[in-house]
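In what follows, a structure is listed as structure tokens, so that the remarks can point back to it.
Residue numbers (my numbering), protein chains in the order written: chain A, 334 to 496; chain B, -1 to 290.
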């Protein structure tokens, strides 16, 4: 088949679309669903800007086809904030100046969202390893690491259900 | 749109997938985790007429113990292998190598079989399977065959698998008692492919004499290099620092790695010797039960 009819849940909302099989999930999110928070850097799996969460796992959306998202649960950066209220991880990025131009930020946020679920009390070394698959050309990573550590602290002080 | 146009096929059973590969042959490409193939598609370096997506086939991703062996299904995600208790207990060499593959986002999607089938000359898993003496199981509509790593890896990004065959699982032999192993690599950055990597295993008898040793390297040739002769030098005596040093020297001497923009041939040879020595020393400690 050249096209596939898919049914995919993105940030809790179900979408039914017909997609060309070769369209990447990143392009589908950005162009078809107009969820442009997912950024595209290298488009070959190196930079991490397009990281999203599929069925609970952080993955590169430039290396998946939209056709493969059929029946899956997808979370993108648009799903993090509650309206105008940033979630604790986003708030920590703001507090700690964890972004400058912001291009890489959605990828970092989604990578760290997954990581902090699996590792709620990380060491600095663990944070650095967790973000090693995301490139940032502005910050030198110091403030991103500080933001991740602060987010872990504030999230452990907050009940799980409110994340 | 980055990738070229292709006919997308989504078999839901292994038989269906094998029939599609049988029907389309070289015109088809199997898609596992896509962490190597999709970049090639995005660059349009590969233009298959048909893409056979294996991700909706059930049961190809199992990790199980079978009659002492470990069997890892081709579609087991690398992250699942990395976090498997069974693998950690039964195959510490593999458990040690897994976190060195790419990054967590890659391992969440990338598969065990996909990495082997892609046969990147600097990948970790080919060397690990070679060091362990694993069997790579290929299946086509006509039947199955089992290959050793030396039979399977034939050249740069090239394996012995026919276009109609699929790598379905890998069988790893049980680890004998008093066996230690170690995987070490040097790369420019964490998560990069290895400049040089080495996988070693070493078995001792109850007097501390080495009865078996294997050394396999990645990043030093078009395929993983199983340094049989060098490893044999350790067998029959205790793995003393001098004996281990000698294996490292022989490994280094036996290699003819290419130079590229990442490292010169000389550098790779030297690092291969040093890593072999360090890995064997660690494996010996572990075999003696001195460290884990």
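Note that CB positions come from ideal geometry on N, CA and C, so glycine has one too.
Same chain, Cβ closer than 7 angstroms to residue i, five either side skipped, listed in chain order
i: residue 434 of chain A; result: 471
i: residue 344 of chain A; result: 408, 409, 411 and 412
i: residue 256 of chain B; result: 263
i: residue 149 of chain B; result: 158
Bridge partners - residue i, DSSP secondary structure assignment
i: residue 342 of chain A; result: A:347 and A:406
i: residue 141 of chain B; result: B:138
i: residue 353 of chain A; result: A:336
i: residue 208 of chain B; result: B:202
i: residue 27 of chain B; result: B:49
i: residue 215 of chain B; result: B:196 and B:223
i: residue 151 of chain B; result: B:157
i: residue 364 of chain A; result: Answer by DSSP bridge pairing: none, since residue 364 of chain A is not bridged.
i: residue 167 of chain B; result: B:71 and B:135
Rounded separation between residue i and residue j - CA only
i: residue 456 of chain A; j: residue 127 of chain B; result: 32 angstroms
i: residue 249 of chain B; j: residue 180 of chain B; result: 16 angstroms
i: residue 8 of chain B; j: residue 14 of chain B; result: 9 angstroms
i: residue 97 of chain B; j: residue 205 of chain B; result: 34 angstroms
i: residue 341 of chain A; j: residue 266 of chain B; result: 47 angstroms
i: residue 451 of chain A; j: residue 405 of chain A; result: 20 angstroms
i: residue 145 of chain B; j: residue 134 of chain B; result: 5 angstroms
i: residue 101 of chain B; j: residue 65 of chain B; result: 33 angstroms
i: residue 78 of chain B; j: residue 106 of chain B; result: 8 angstroms
i: residue 316 of chain B; j: residue 195 of chain B; result: With chain B covering -1 to 290 only, the question about residue 316 of chain B has no answer from this structure.
i: residue 199 of chain B; j: residue 260 of chain B; result: 28 angstroms
i: residue 465 of chain A; j: residue 380 of chain A; result: 10 angstroms
i: residue 382 of chain A; j: residue 369 of chain A; result: 12 angstroms
i: residue 17 of chain B; j: residue 27 of chain B; result: 13 angstroms
i: residue 112 of chain B; j: residue 3 of chain B; result: 22 angstroms
i: residue 241 of chain B; j: residue 210 of chain B; result: 14 angstroms
i: residue 178 of chain B; j: residue 129 of chain B; result: 12 angstroms
i: residue 264 of chain B; j: residue 223 of chain B; result: 17 angstroms
i: residue 375 of chain A; j: residue 11 of chain B; result: 34 angstroms
i: residue 137 of chain B; j: residue 5 of chain B; result: 23 angstroms
i: residue 230 of chain B; j: residue 176 of chain B; result: 18 angstroms
i: residue 396 of chain A; j: residue 254 of chain B; result: 34 angstroms
i: residue 484 of chain A; j: residue 423 of chain A; result: 8 angstroms
i: residue 378 of chain A; j: residue 474 of chain A; result: 20 angstroms
i: residue 82 of chain B; j: residue 0 of chain B; result: 35 angstroms
i: residue 430 of chain A; j: residue 476 of chain A; result: 6 angstroms
i: residue 234 of chain B; j: residue 486 of chain A; result: 55 angstroms
i: residue 481 of chain A; j: residue 372 of chain A; result: 20 angstroms
i: residue 142 of chain B; j: residue 159 of chain B; result: 11 angstroms
i: residue 187 of chain B; j: residue 21 of chain B; result: 42 angstroms
i: residue 207 of chain B; j: residue 197 of chain B; result: 20 angstroms
i: residue 34 of chain B; j: residue 236 of chain B; result: 42 angstroms
i: residue 350 of chain A; j: residue 362 of chain A; result: 11 angstroms
i: residue 273 of chain B; j: residue 232 of chain B; result: 16 angstroms
6 angstroms CB neighbourhood of residue i in its chain, flanking five on each side removed
i: residue 93 of chain B; result: 85 and 86
i: residue 44 of chain B; result: 38
i: residue 70 of chain B; result: 61, 110 and 168
i: residue 469 of chain A; result: 437
i: residue 132 of chain B; result: 168 and 170
i: residue 220 of chain B; result: 119, 153 and 154
i: residue 269 of chain B; result: 184 and 194
i: residue 189 of chain B; result: 100 and 101
Cut-off 8 angstroms between Cβ atoms - residues of its own chain near residue i, not counting five sequence neighbours on either side
i: residue 496 of chain A; result: Note on residue 496 of chain A: pLDDT 47, under 50, position unreliable in the model; no value is reported.
i: residue 191 of chain B; result: 118, 120, 121, 185 and 217
i: residue 391 of chain A; result: 384, 385, 443, 444, 446, 447 and 448
i: residue 335 of chain A; result: 353 and 354
i: residue 388 of chain A; result: 405 and 406
i: residue 347 of chain A; result: 340 and 341
Rounded distance between the beta-carbons of residue j and residue i, thought under 8 angstroms
i: residue 60 of chain B; j: residue 108 of chain B; result: Wrong, their Cβ atoms sit about 17 angstroms apart, outside the cutoff.
i: residue 168 of chain B; j: residue 213 of chain B; result: Contact doesn't hold; Cβ gap of about 20 angstroms is too wide.
i: residue 458 of chain A; j: residue 444 of chain A; result: Their Cβ separation, rounded to whole angstroms, is 16 angstroms, which puts residue 458 of chain A and residue 444 of chain A out of contact at 8 angstroms.
i: residue 182 of chain B; j: residue 276 of chain B; result: 6 angstroms
i: residue 426 of chain A; j: residue 438 of chain A; result: 7 angstroms
i: residue 52 of chain B; j: residue 30 of chain B; result: 5 angstroms
i: residue 357 of chain A; j: residue 402 of chain A; result: Incorrect: roughly 10 angstroms between the Cβ atoms, too far for contact.
i: residue 23 of chain B; j: residue 171 of chain B; result: No, residue 23 of chain B and residue 171 of chain B are not in contact; Cβ-Cβ is about 33 angstroms, not under 8 angstroms.
i: residue 225 of chain B; j: residue 252 of chain B; result: 6 angstroms
i: residue 164 of chain B; j: residue 116 of chain B; result: Their Cβ separation, rounded to whole angstroms, is 13 angstroms, which puts residue 164 of chain B and residue 116 of chain B out of contact at 8 angstroms.
i: residue 301 of chain B; j: residue 72 of chain B; result: Here chain B has residues from -1 to 290 only, and residue 301 of chain B is not among them.
i: residue 47 of chain B; j: residue 80 of chain B; result: Contact flag wrong, Cβ pair sits at about 34 angstroms.
Any non-hydrogen atom of the ligand SAM closer than 7 angstroms to residue i Cβ
i: residue 65 of chain B; result: Only the bare structure without any ligand can be found here, which leaves the ligand SAM out of the picture.
Cutoff 8 angstroms: residue i Cβ touching any chain D Cβ
i: residue 181 of chain B; result: In the displayed structure, chain D is absent; the protein chains listed are A and B.
Worksheet item: If you scan the stretch 47 to 134 of chain B from start to end, which runs of the alpha helix (DSSP H) of 4 or more residues do you find wholly inside it?
Response: 76 to 81, 83 to 88, 90 to 95, 102 to 105, 110 to 116 and 122 to 130
Item to complete: Could I get the ranges of all uninterrupted beta strand (DSSP E) runs contained in the stretch 370 to 421 of chain A, with 3 residues as the minimum, in chain order?
Response: 384 to 387, 390 to 393 and 406 to 408
Discussion item. Please give me, in chain order, every unbroken run of the alpha helix (DSSP H) with length at least 4 that falls completely inside the stretch 447 to 471 of chain A.
Written reply: 457 to 463
Fill in: Start-end ranges of the beta strand (DSSP E) lying completely within the stretch 171 to 200 of chain B, minimum 3 residues
177 to 184
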